[in-house]
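Novice:
There are 2 protein chains.
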Amino acid sequence: MDESDFLAAYNPRAFDPMAVTADIVALTIRDGRLHVLLVRRGEPPFRGAWALPGGFVREDDLEEAAARELAEETSLSPADLDRVHLEQLGTYGKPGRDPRMRVVTVAYLAFAPWLPDPKAGSDADAAVWTPLTATRELAFDHAKILDDGLERARSKLEYTPLATSFVGEEFTISELRAVYDAVWEEQLHPGNFHRKVLSVPGFVESTGLTTERGGPRGGPRARLYRKGDAKYLHPALLRPSREDEIR
Amino acid sequence: MDESDFLAAYNPRAFDPMAVTADIVALTIRDGRLHVLLVRRGEPPFRGAWALPGGFVREDDLEEAAARELAEETSLSPADLDRVHLEQLGTYGKPGRDPRMRVVTVAYLAFAPWLPDPKAGSDADAAVWTPLTATRELAFDHAKILDDGLERARSKLEYTPLATSFVGEEFTISELRAVYDAVWEEQLHPGNFHRKVLSVPGFVESTGLTTERGGPRGGPRARLYRKGDAKYLHPALLRPSREDEIR
DNA sequence: GCACGTTATTCTCATTCAGAGAACTACTCG
DNA sequence: CGAGTAGTTCTCTGAATGAGAATAACGTGC
Chain A
13 MDESDFLAAY
23 NPRAFDPMAV
33 TADIVALTIR
43 DGRLHVLLVR
53 RGEPPFRGAW
63 ALPGGFVRED
73 DLEEAAAREL
83 AEETSLSPAD
93 LDRVHLEQLG
103 TYGKPGRDPR
113 MRVVTVAYLA
123 FAPWLPDPKA
133 GSDADAAVWT
143 PLTATRELAF
153 DHAKILDDGL
163 ERARSKLEYT
173 PLATSFVGEE
183 FTISELRAVY
193 DAVWEEQLHP
203 GNFHRKVLSV
213 PGFVESTGLT
223 TERGGPRGGP
233 RARLYRKGDA
243 KYLHPALLRP
253 SREDEIR
Chain B
13 MDESDFLAAY
23 NPRAFDPMAV
33 TADIVALTIR
43 DGRLHVLLVR
53 RGEPPFRGAW
63 ALPGGFVRED
73 DLEEAAAREL
83 AEETSLSPAD
93 LDRVHLEQLG
103 TYGKPGRDPR
113 MRVVTVAYLA
123 FAPWLPDPKA
133 GSDADAAVWT
143 PLTATRELAF
153 DHAKILDDGL
163 ERARSKLEYT
173 PLATSFVGEE
183 FTISELRAVY
193 DAVWEEQLHP
203 GNFHRKVLSV
213 PGFVESTGLT
223 TERGGPRGGP
233 RARLYRKGDA
243 KYLHPALLRP
253 SREDEIR
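Below you can see the structure in the form of structure tokens.
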């Protein structure tokens, strides 16, 4: 066979090697604020600096590599990992972005519900959920990757039901609204939000239950919902007042 | 220095090498139909099969590599290349997708206005604009990449002014509508489309001119517009009737 | 137990937007 | 010149949105 001859003679080392890493922008919400998972690097380059969790891709698929790194950093059980939404964010391969060699990084974006505080992983001293307001200097071009991840997250809340990935299995409309408030950094109108969520087909479905108690500062018991079967929100739930970002 | 010692001792060949390619889903509109640029492979693997244009990433940036490949395949002048919108689509790295070795492909999506028929590039017998209706079997996982590119294109027309990348410098509202018709495969209402385009701030701006003649089958001269300064369409121009795709 | 502040939920009302259809007009073609 | 086509503008109707308010259920502190 022509083709198999070619493959036998093919030398995979003929090109400059490139390393491929999978890094993760993992977002969650704690205390009503958006947090990102950061690790402190235990090895050069950028030893001691904060960075996105990630690691080299070996034999596995890109997304598997990302899931593996995330599970390592957060000591997540497989069952927990199921509840985390993971999607590809983008790929960053500018020459010189890693001083060691040419590294192409495939970034993934993860939306997680509440998770316990992580333990340190293999190549990191520490991994912590960090509020976004306390932005730190990040290693490599991770600040740019984080920015891209935030913009993607903000945008995805508009036209997908992914906000439900940030809350528990059963949730109230107010908890869902808190997700939007945190990610968009805007206070949404409770009444209109309530109407909107219930009017979008497939966004949430009722469980028939309510919370056991009212809120910590009073108020009636809230009805509980679970995620519906919609893949897209239609009509979308648009961010208010983006006049400035439009041009 | 600790860090420079580390870098000096670092062996870039310690990992299995991975090749990185940049492949392109280049779309344009001809005769009112959406076309994609395909090449016929001149070398194994998949010799003789149709594939997306692309090639290995060498010293350059990923996007530069994509632009270089696109320019090669289409024999585009730098001035023409300026008018082509290029954005990253996604990265495909499943083990085994290339029989030669582990190949990670960063796919780019290009929107081009009318371009001349391409000549064959270096590693391809032929490159042709192919109507999407005549879908062929594609090499590797390029069918999936193409599908993802189409979905991205359809979606981007909704909330960005990228439809203007498919038409010339000056265009009529009807030409713009033809872009939407072709990409969405729907006949939009001419009156409502006209109202909508003119009412979205920054989508198009008037040139004050009109076409020299009416259409080939009659009708009045149309006013000419150029691209406005909006980065996003607000409110967006949503696809009609996606009820089926929502869940 | 009670007054009060808080919050879930529902309504109202005014405004904007989208879909359908049509009018009006300027053109090309035969 | 007459018929047909297409660019542009209007009208009408129903849906969606934003702002504000009403109602009612609950926790807290006295």
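Protein sequences, first through last, are from chains A and B.
Residue numbers for the first sequence follow our numbering, so the first one is 13 and each next one is one higher.
Residue numbers for the second sequence follow our numbering, so the first one is 13 and each next one is one higher.
Beta carbons: idealized from backbone N, C-alpha and C, even for Gly.
Quick one: Cα of B:L39 to Cα of A:E224, how far?
Specialist: Spanning the two alpha carbons is a distance of roughly 55 angstroms.
Novice: Does the pairing of the segment 239–247 of chain B with the segment 208–225 of chain B give three or more beta-carbon distances under 8 angstroms?
Specialist: Touching, per the Cβ criterion.
Novice: DSSP has B:F178 in a bridge; who is on the other side?
Specialist: Answer is none; B:F178 lacks a bridge partner.
Novice: Using 10 angstroms around the beta-carbon of B:L158, count the other beta-carbons present and answer buried if the total reaches 16, otherwise exposed.
Specialist: Buried is the call here.
Novice: Along the chain, where does the alpha helix (DSSP H) that runs through A:E75 open and close?
Specialist: Segment L74 to T86, the alpha helix (DSSP H) holding A:E75.
Novice: Please confirm whether B:P90 has its beta-carbon closer than 8 angstroms to some beta-carbon of chain A.
Specialist: Cβ-Cβ to chain A under 8 angstroms: no for B:P90.
Novice: Straight-line CA distance for A:T219 to A:R235?
Specialist: Approximately 8 angstroms between the Cα atoms of the pair.
Novice: What are the residues in the segment 71–101 of chain A lying within 8 angstroms of chain B by C-beta distance?
Specialist: Going along the segment 71–101 of chain A in chain order, one finds E71, D72, D73, L74 and Q100 with a Cβ nearer than 8 angstroms to chain B.
Novice: Can you tell me whether DSSP reads B:L250 as helix, strand or coil?
Specialist: Looking at B:L250 - three-state DSSP - the assignment turns out to be coil, as it is neither helix nor strand.
Novice: Going by DSSP, what residue range makes up the alpha helix (DSSP H) through A:A38?
Specialist: Where A:A38 is concerned, there is no enclosing alpha helix (DSSP H), although the beta strand (DSSP E) it sits in stretches over A31 to R42.
Novice: Give a yes or no on whether 8 angstroms exceeds the smallest Cβ distance from A:T103 to chain B.
Specialist: Judged by the 8 angstroms Cβ criterion, A:T103 is in contact with chain B.
Novice: If B:S177 and B:P125 are in contact, beta carbons under 8 angstroms, what's the gap, nearest whole angstrom?
Specialist: That pair is a contact at about 7 angstroms.
Novice: So what does DSSP say about B:H47, is it helix, strand or coil?
Specialist: Three-state result, B:H47: strand.
Novice: Using a C-beta to C-beta distance shorter than 8 angstroms, which residues of chain A count as neighbours of B:K106?
Specialist: Near B:K106 (Cβ distances below 8 angstroms), the residues of chain A are D73 and L74.
Novice: One question on the structure: do B:L127 and B:L46 come within less than 8 angstroms of each other, judged by their Cβ atoms?
Specialist: No, these two residues do not count as a Cβ contact at 8 angstroms.
Novice: Taking only three categories from DSSP, how would you classify A:F123?
Specialist: In this structure, A:F123 counts as strand in the three-state DSSP scheme.
Novice: Rounded to whole angstroms, how far is the Cβ of B:V118 from the Cβ of A:T103, which I believe are closer than 8 angstroms?
Specialist: Indeed, because the Cβ distance is near 5 angstroms, the residues count as touching under 8 angstroms.
Novice: What three-state label does DSSP hand B:Y192 in the structure shown?
Specialist: Note: B:Y192 maps to helix in three-state DSSP.
Novice: Taking 8 angstroms as the CB-CB limit, is A:V116 close to chain B?
Specialist: Answer yes: the Cβ-Cβ gap between A:V116 and chain B drops below 8 angstroms somewhere.
Novice: Scan the segment 194–217 of chain B for residues whose Cβ lies nearer than 9 angstroms to a Cβ of chain A and list them as they occur along the chain.
Specialist: So the list reads P213 and G214, given in the order they occur along the chain.
Novice: Could you give the distance in angstroms between the alpha-carbon of A:M13 and the alpha-carbon of B:Q199?
Specialist: The pLDDT assigned to A:M13 is 37, lower than 50, so where the model puts this residue is not dependable; a value taken from the coordinates is nonetheless given after this. Roughly 49 angstroms between the two C-alpha positions.
Novice: According to DSSP, is A:L93 helix, strand or coil?
Specialist: In this structure, A:L93 counts as helix in the three-state DSSP scheme.
Novice: Alpha carbon to alpha carbon, how far is A:F183 from B:R52? Give it in angstroms, no decimals.
Specialist: Using only the alpha carbons, I get a separation of about 53 angstroms.
Novice: Note down, in chain order, every chain A residue with its Cβ under 7 angstroms from the Cβ of B:V37.
Specialist: The contacting residues do not exist; B:V37 stays about 15 angstroms from chain A at best.
Novice: Would you identify the three-state DSSP class for A:A242, choosing helix, strand or coil?
Specialist: A:A242 falls in the coil class under three-state DSSP.
Novice: Using beta-carbon positions only, say whether B:H201 and B:L64 come within less than 8 angstroms of one another.
Specialist: Contact: no.
Novice: Using the Cα positions of A:V179 and A:L169, report the straight-line distance between them to the nearest angstrom.
Specialist: So the alpha carbons of these two residues sit roughly 13 angstroms apart.
Novice: Would you kindly report the start and end of the unbroken beta strand (DSSP E) that includes A:F68?
Specialist: It spans G66 to F68 - the beta strand (DSSP E) in which A:F68 sits, taken as one unbroken run.
Novice: Taking only three categories from DSSP, how would you classify B:E217?
Specialist: Three-state result, B:E217: strand.
Novice: Tell me the residue span of the alpha helix (DSSP H) that contains A:G105.
Specialist: Segment: none, A:G105 is in no alpha helix (DSSP H) and carries neither H nor E.
Novice: Among residues of its own chain, excluding the 5 on either side of B:P107, which ones have a beta-carbon nearer than 8 angstroms to its beta-carbon?
Specialist: Cβ neighbours of B:P107 beyond the five flanking positions: R114.
Novice: Consult DSSP for A:A155 and reduce its assignment to one of helix, strand or coil.
Specialist: In this structure, A:A155 counts as helix in the three-state DSSP scheme.
Novice: Specify the secondary structure class of B:R112 as computed by DSSP and reduced to three states.
Specialist: DSSP places B:R112 in coil when its eight states are reduced to three.
Novice: Quick check on A:F58: does DSSP put it in helix, strand or coil?
Specialist: Correct three-state label for A:F58: coil.
Novice: Between B:F68 and B:A31, how many whole angstroms is the CB-CB distance? I'm expecting something under 8 angstroms.
Specialist: Confirmed, about 6 angstroms.
Novice: With C-beta atoms as the reference, is A:T86 less than 8 angstroms away from A:L49?
Specialist: Their beta carbons are under 8 angstroms apart, which means A:T86 touches A:L49 by this criterion.
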